[in-house]
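Visitor: Residue numbers (our numbering): 2 to 479. Structure in structure tokens, see below.
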């Protein structure tokens with residue numbers, strides 16, 4: 002028997018009634034012999050339904066002035082000649098991301114909606130990602146986590162209280178590929194699969210820049226300099242693009258009340274401008290990161306590609322439409338580099354920590370780009386895809402000497418773990434756990450180093466991990 006005009010995605014029963022939901026968010030109630038009794042359409046604002054769950058108890062009936070229960074005032078009427086009331090409890094709908102442009106839902110994200118039985122009151126309990134989560138970004142000084150992906154939804158979470166602070170949904174086909182906080186926590190840079198780049202305020206997710214369209218392909222990486230004056234992006238067209246922050250000062254337009262001699266109040270606004278773009282690689286870019294010069298506080302920008310080239314850019318001498326290169330070095334002969342990060346300052350020499358597809362870790366001098374040490378990295382089924390050093394508190398020994406033990410969080414294809422630094426090649430220096438069987442697409446570390454977050458891509462899940470650094474030390478000693 003044909004019950005819906007579109008695919009039936011869920012079916013359940015309640016009080017001898019058969020309830021079905023389809024890919025357009027339509028809910029229908031049938032009798033035990035499959036006679037249509039009632040339906041909800043257009044009022045629920047849901048996409049393809051995944052499940053329907055009913056309350057355990059039926060709401061109490063409203064009483065009429067004569068003392069009798071007025072059932073018709075509370076329950077909807079059945080679509081029969083008798084029009085008797087349909088006595089069912091309130092229910093909750095869960096929906097997935099709409100995969101069809103013909104869906105009646107105006108939202109491309111998944112949602113959890115509570116519906117009263119008369120259909121007049123609906124409450125969105127939760128709205129989340131209905132498609133792959135591609136990027137995570139942790140706030141540099143607050144317990145905040147930004148999540149985004151192919152559902153066009155950008156959410157800012159308070160991960161201590163486990164609640165969403167603010168959300169913003171972009172219009173299709175603006176699927177989010179990467180996102181990052183600036184070091185001051187004031188802005189979030191967002192890169193889309195369409196090549197669009199946008200900077201939004203970190204508090205309300207409102208636009209803080211014009212829409213930049215300087216990339217022909219998806220923006221895969223986005224990073225800010227330590228002083229928040231530069232923003233760089235890398236795209237799948239093997240190009241690096243740099244933007245600069247500008248402070249615009251202008252009059253408010255409201256003259257003072259003190260007379261003509263009183264100056265107008267000046268209002269400062271922050272905007273971002275395009276600086277330059279350069280195709281510095283001929284294969285996909287794997288890492289893009291900023292650093293700080295050793296002899297000055299000027300920012301450094303480096304990119305690492307699968308072409309085995311490490312490129313540093315000369316930001317100081319770059320001019321509009323002219324992004325200059327400072328150095329180009331080949332750092333691998335046959336292995337393919339996969340990640341790049343700054344090594345913690347454990348000595349006077351500044352290092353870059355690099356991982357490749359052959360389970361090796363390289364320490365490169367950040368100035369000469371010479372390899373100072375090559376070690377065996379963690380071997381957990383697949384090579385390291387990303388490394389990020391944890392911020393560690395300063396501890397003092399009994400003699401009063403300062404002791405800082407450093408750790409790095411990493412993820413492979415499907416695992417997440419911790420690595421004890423400085424690494425000496427000992428395989429017992431690291432531990433890992435299975436994070437996402439379908440693969441880890443993104444990883445972020447909290448500002449205090451206590452938590453690590455991983456996204457599982459198509460499983461639409463973000464896991465929050467507590468870093469037990471002491472277990473890594475004990476594992477090495479045993």
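By construction, the Cβ of each residue, glycine as well, lies at the ideal position given by its N, Cα and C atoms.
With distances taken between CB atoms, is the gap from residue 220 to residue 236 smaller than 8 Å?
Guide: Position 219 of the chain shown, counting from 1, holds the residue named residue 220. Position 235 of the chain shown, counting from 1, holds the residue named residue 236. Yes, the pair counts as a contact, with Cβ atoms nearer than the cut-off.
Visitor: Please state whether DSSP places residue 441 in a helix, a strand or coil.
Guide: Counting from one through the chain shown, the residue named residue 441 turns up at place 440. In the structure shown, residue 441 sits in coil (DSSP, three-state: anything other than H, G, I, E or B).
Visitor: Rounded to the nearest angstrom, how far is the Cβ of residue 1 from that of residue 112, given a contact under 8 Å?
Guide: This structure does not reach residue 1, given that the chain is present from 2 up to 479, and the question cannot be answered.
Visitor: Which ranges does the beta strand (DSSP E) cover as unbroken runs of at least 3 residues, wholly within the stretch 411-442, from first to last along the chain?
Guide: 416-422, 431-435
Visitor: Examine the Cβ distances between the stretch 376-386 and the stretch 403-416 and report whether three or more of them are shorter than 8 Å.
Guide: yes
Visitor: For the structure I just gave you, are there three or more beta carbon pairs, one from the stretch 175-184 and one from the stretch 122-141, closer than 8 Å?
Guide: yes
Visitor: Determine the DSSP secondary structure at residue 472, reduced to helix, strand or coil.
Guide: Walking along the chain shown from the start, residue 472 turns up at place 471. In this structure, residue 472 counts as helix in the three-state DSSP scheme.
Visitor: Identify every run of the beta strand (DSSP E) within the stretch 340-377, keeping only runs that are complete inside it and at least 3 residues long; order them along the chain.
Guide: 352-357, 361-366, 372-377
Visitor: Between which residues of its own chain and residue 317 is the CB-CB distance below 8 Å, once the five residues before and five after are set aside?
Guide: By one-based count along the chain shown, residue 317 stands at place 316. Here the set comprises 299.
Visitor: Cα separation between residue 357 and residue 373?
Guide: On the chain shown, residue 357 is found 356 positions in, with the first residue counted as 1. On the chain shown, residue 373 is found 372 positions in, with the first residue counted as 1. Distance between residue 357 and residue 373, taken at the CA atoms: about 16 Å.
Visitor: Output the distance between the C-alpha atoms of residue 359 and residue 478, rounded to the nearest integer angstrom.
Guide: Within the chain shown, residue 359 is the residue found at index 358, counting from 1. Within the chain shown, residue 478 is the residue found at index 477, counting from 1. Cα to Cα, the separation comes out at about 26 Å.
Visitor: Who are the near neighbours of residue 230 in its chain, counting only those whose CB is closer than 6 Å to its CB and skipping five residues on each side?
Guide: Taking the chain shown and counting its residues from 1, one reaches residue 230 at position 229. Contacts found: 246.
Visitor: Does the Cβ-Cβ distance between residue 191 and residue 204 come in under 8 Å?
Guide: Taking the chain shown and counting its residues from 1, the one referred to as residue 191 is at position 190. Taking the chain shown and counting its residues from 1, the one referred to as residue 204 is at position 203. Not a contact, by the Cβ cut-off of 8 Å.
Visitor: Compare the Cα-Cα distances from residue 327 to each of 336, 304, 53, 338 and report the closest residue.
Guide: As a position in the chain shown, residue 327 is number 326, starting the count at 1. The candidate whose alpha carbon is nearest that of residue 327 is 304.
Visitor: Who are the near neighbours of residue 218 in its chain, counting only those whose CB is closer than 8 Å to its CB and skipping five residues on each side?
Guide: Sequence index remark: in the chain shown, residue 218 carries index 217 (1-based). Around residue 218, the same chain offers 196, 236, 237, 238 as residues with beta carbons nearer than 8 Å, after the five sequence neighbours per side are excluded.
Visitor: In chain order, what residues of the same chain have a beta carbon less than 7 Å from the beta carbon of residue 10, not counting five sequence neighbours either side?
Guide: Here the question's residue 10 lines up with position 9 in the chain shown. So the list reads 22, 23, 24, 49, 50, 51, once near-sequence residues are dropped.
Visitor: Relative to the C-alpha of residue 90, which candidate in 438, 20, 33 has its C-alpha closest?
Guide: Position 89 of the chain shown holds residue 90. The shortest C-alpha separation from residue 90 is found at 20.
Visitor: Between the C-alpha atoms of residue 240 and residue 213, what's the straight-line distance to the nearest angstrom?
Guide: Start at 1 with the first residue of the chain shown, and residue 240 comes out as number 239. Start at 1 with the first residue of the chain shown, and residue 213 comes out as number 212. Those two C-alpha atoms are separated by around 15 Å.
Visitor: Whose C-beta lies closer than 6 Å to the C-beta of residue 140 among residues of the same chain, with five residues either side of it excluded?
Guide: For the purposes of this step, residue 140 is taken as the residue at position 139 of the chain shown. Excluding positions up to five away in sequence, the list reads 182, 186.
Visitor: Buried or exposed for residue 455, please, with buried defined as at least 16 other CB atoms from any protein chain shown within 10 angstroms of its CB.
Guide: On the chain shown, residue 455 is found 454 positions in, with the first residue counted as 1. Here residue 455 is buried, its C-beta having at least 16 other C-beta atoms within 10 Å.
Visitor: In chain order, what are the residue ranges of uninterrupted beta strand (DSSP E) at least 3 long that sit wholly in the stretch 166-195?
Guide: 177-182, 188-193
Visitor: Just to confirm, are residue 344 and residue 324 a CB contact at a threshold of 8 Å?
Guide: In the chain shown, residue 344 corresponds to position 343, counting from 1. In the chain shown, residue 324 corresponds to position 323, counting from 1. Not closer than 8 Å, so no.
Visitor: Note down the Cα distance separating residue 377 from residue 275, rounded to an integer number of angstroms.
Guide: Within the chain shown, residue 377 is the residue found at index 376, counting from 1. Within the chain shown, residue 275 is the residue found at index 274, counting from 1. So the alpha carbons of these two residues sit roughly 41 Å apart.
Visitor: So the beta strand (DSSP E) residue 58 belongs to, where does it begin and stop?
Guide: Reading the chain shown from its first residue, position 57 is the one you call residue 58. Taken as a continuous stretch (DSSP letters only), residue 58 belongs to no beta strand (DSSP E), as it is neither H nor E.
Visitor: Determine the direct distance from the alpha carbon of residue 95 to that of residue 286, and round the result to whole angstroms.
Guide: On the chain shown, position 285 is the one that residue 286 refers to. On the chain shown, position 94 is the one that residue 95 refers to. So the alpha carbons of these two residues sit roughly 38 Å apart.
Visitor: Assign residue 463 to buried or exposed, taking buried as 16 or more other Cβ atoms, counted over all protein chains shown, within 10 Å of its Cβ.
Guide: Against the chain shown, residue 463 aligns to sequence position 462. So residue 463 ends up on the buried side.
Visitor: Give every residue of the same chain whose Cβ lies closer than 8 Å to the Cβ of residue 67, excluding the five residues on either side of it in the sequence, and list them in chain order.
Guide: As a working note, residue 67 is residue 66 in the chain shown. Confidence at residue 67 is low in this model, with a pLDDT of 44, below 50, so its placement is unreliable and the value that follows should be read with caution. Excluding sequence neighbours, residue 67 sits near nothing in its chain.
Visitor: Between which two residues does the beta strand (DSSP E) containing residue 479 stretch?
Guide: Stepping through the chain shown from its first residue, residue 479 is reached at position 478. Note, residue 479: premise wrong, no beta strand (DSSP E); not H, not E.
Visitor: Is it buried or exposed, residue 410, if we count other Cβ atoms within 10 angstroms and call 16 or more buried?
Guide: As a first step, residue 410 must be located in the chain shown, where it is residue number 409. Residue 410 should be labelled buried.
Visitor: Skipping 5 residues on each side, what residues in its chain have a beta carbon closer than 6 Å to that of residue 457?
Guide: Residue mapping note: residue 457 aligns to position 456 of the chain shown, counting from 1. Answer for residue 457: 437, 439, listed in chain order.
Visitor: Out of curiosity, what's the CA-to-CA distance linking residue 26 and residue 18?
Guide: To locate residue 26, count along the chain shown from 1; it is residue 25. To locate residue 18, count along the chain shown from 1; it is residue 17. Spanning the two alpha carbons is a distance of roughly 19 Å.
Visitor: Enumerate in chain order the residues of its own chain whose CB-to-CB distance from residue 42 is below 7 Å, with the five nearest sequence positions on each side excluded.
Guide: Mapped onto the chain shown, residue 42 falls at position 41. Result list for residue 42: 27, in chain order.
Visitor: Just to confirm before moving on: does the CB-CB distance between residue 295 and residue 313 stay below 8 Å?
Guide: Here the question's residue 295 lines up with position 294 in the chain shown. Here the question's residue 313 lines up with position 312 in the chain shown. No, the pair does not count as a contact, with Cβ atoms beyond the cut-off.
Visitor: How many angstroms separate the CA atom of residue 460 from the CA atom of residue 2?
Guide: Counting from 1 along the chain shown, the entry for residue 460 is found at position 459. Counting from 1 along the chain shown, the entry for residue 2 is found at position 1. Taking the straight line joining both Cα atoms gives about 33 Å.
Visitor: Going by beta carbon distance, what residues of the same chain come within less than 7 Å of residue 430, once the five residues before and after it are set aside?
Guide: Position 429 of the chain shown holds residue 430. Answer for residue 430: 420, 421, 424, 477, listed in chain order.
Visitor: Residue 134 bridges to which residues according to DSSP?
Guide: As a first step, residue 134 must be located in the chain shown, where it is residue number 133. The partner list for residue 134 (beta bridge, DSSP) reads 150, 458.
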